[in-house]
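Numbering (our numbering), first residue to last: 2 to 39.
Note that the Cβ used here is the ideal one computed from N, Cα and C, for glycine as well.
Small disclaimer: the values here were computed from a predicted structure and weren't measured.
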């Protein structure tokens with residue numbers, strides 16, 4: 002039971018970290034797109 006809880010907590014932390022990476026990448030891409038529009 003304790004092992005499952007640890008696994009769920011780890012998965013949740015990695016998911017939130019991935020979301021932060023996605024958001025920062027989206028902001029970076031938007032900034033680059035606004036700098037040099039095609």
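Between the C-alpha atoms of residue i and residue j, what's the straight-line distance to the nearest angstrom?
| i | j | result |
| --- | --- | --- |
| residue 34 | residue 27 | 10 Å |
| residue 9 | residue 21 | 19 Å |
| residue 14 | residue 32 | 27 Å |
| residue 3 | residue 36 | 50 Å |
Would you please verify whether the beta carbon of residue i is less than 8 Å from any beta carbon of chain C?
| i | result |
| --- | --- |
| residue 26 | No chain C is part of this structure, which consists of one protein chain only. |
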